[in-house]
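Following the numbering used here, the numbering of the sequence shown begins with 43 at its first residue and continues without gaps.
Even glycine gets a Cβ: it sits at the ideal position worked out from N, Cα and C.
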Amino acid sequence: MARTRPAYPLEYRRQIVELVRAGRSPRELAQEVEPCYETIRSWVKQADRDEGRTLYGPTSEEKEDLRRLRRENRQLRLEREILAKAAAWFARESGSLPRSTSS
43 MARTRPAYPL EYRRQIVELV RAGRSPRELA QEVEPCYETI RSWVKQADRD
93 EGRTLYGPTS EEKEDLRRLR RENRQLRLER EILAKAAAWF ARESGSLPRS
143 TSS
């Protein structure tokens with residue numbers, strides 16, 4: 043899904059989370075500042091996970107690791123596919139394999 047606006051700065055998100063923890067409600071803050079209620083609520087939940095206040099769900103570090111590993115996995119699959127096609131081509135060219143009729 044494409045973002046409609048740039049991400050909020052990390053320091054801004056931290057300030058909003060601190061306001062919620064100081065007693066302000068996410069709905070009240072959403073009426074005063076730009077992020078919507080759900081965005082503020084998700085920031086607070088993620089901050090709780092990152093700080094160990096709750097064990098439900100991945101921390102930001104775990105999410106980043108997962109993103110990195112998925113990207114790496116995608117790249118490795120692509121490289122493996124390219125190598126398999128190259129090996130098949132070289133095998134056909136060297137006469138090791140009979141040419142297939144469906145290319």
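{"Check": "Pick helix, strand or coil for E75, following the three-state DSSP scheme.", "Outcome": "Correcting the residue type first, residue 75 is Val in the shown sequence and not Glu. V75 falls in the coil class under three-state DSSP."}
{"Check": "Return the first residue and the last residue of the alpha helix (DSSP H) that S136 is part of.", "Outcome": "102-136"}
{"Check": "For P100, does the count of other Cβ atoms within 10 angstroms reach 16, so buried, or fall short, so exposed?", "Outcome": "exposed"}
{"Check": "Counting only runs that start and end within the stretch 47-95, where is the alpha helix (DSSP H) found for 4 or more residues in a row?", "Outcome": "52-63, 68-74, 79-92"}
{"Check": "How should R69 be labelled, buried or exposed, when 16 other C-beta atoms within 10 angstroms of its C-beta is the threshold for buried?", "Outcome": "exposed"}
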